[in-house]
Amino acid sequence: MADTARTYINDATRQIRKRGVSETLSAQDAADCLRDLNTLLRSLELGQFRQIPGSDLTLNEEVVIPDELSQAFTALLAVKLSAMYGIDPPAVVVAAANRGSADISRFRLRHGTAVIDDGLLNMPSFRFSRGA
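In terms of the working numbering, the sequence shown is residues 1 to 132.
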């Protein structure tokens, strides 16, 4: 069973020390965090792991991402939320987010979900010409 949006938000806000283990977020904070979570999910471009097009998750819906990217996603969300709250994220979280970003890039390359601009692929090159 995949984790819900609420689970990811709870984990991320604990990582940046926005709240303690037994504390809960206000409804407004949860809504703000959910908006950032949905934005992050859309930006990752994970191919078949994308959410339903044009639809944002609610707090109790499952976040469908590969298990291998779960920690990376949580760390990236934590850094994104820390900016929203004006909190300096702990160095450990920043390092995890950097590793997570690289892990997501590798995943996208491995699974063919990386997008390369056609303009770059079809650009004429004079690399092997003798010059004029």
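Where is the CB? At the ideal position from N, CA and C, for every residue including glycine.
Query: Is the beta carbon of ILE65 closer than 9 angstroms to that of ALA5?; Result: no
Query: Does GLU68 come out as helix, strand or coil in the three-state DSSP assignment?; Result: helix
Query: Taking the alpha-carbon positions, what's the ARG35 to ARG108 distance?; Result: 23 angstroms
Query: Which residues does DSSP list as the beta-bridge partners of LEU4?; Result: Note on identity: in this sequence residue 4 is Thr, with Leu being the wrong assignment. Per DSSP, GLU62.
Query: Is SER101 closer than 9 angstroms to ALA83 when the C-beta atoms are compared?; Result: no
Query: Going by C-alpha distance, which of ALA75, TYR85 and LEU37 is nearest ARG19?; Result: TYR85
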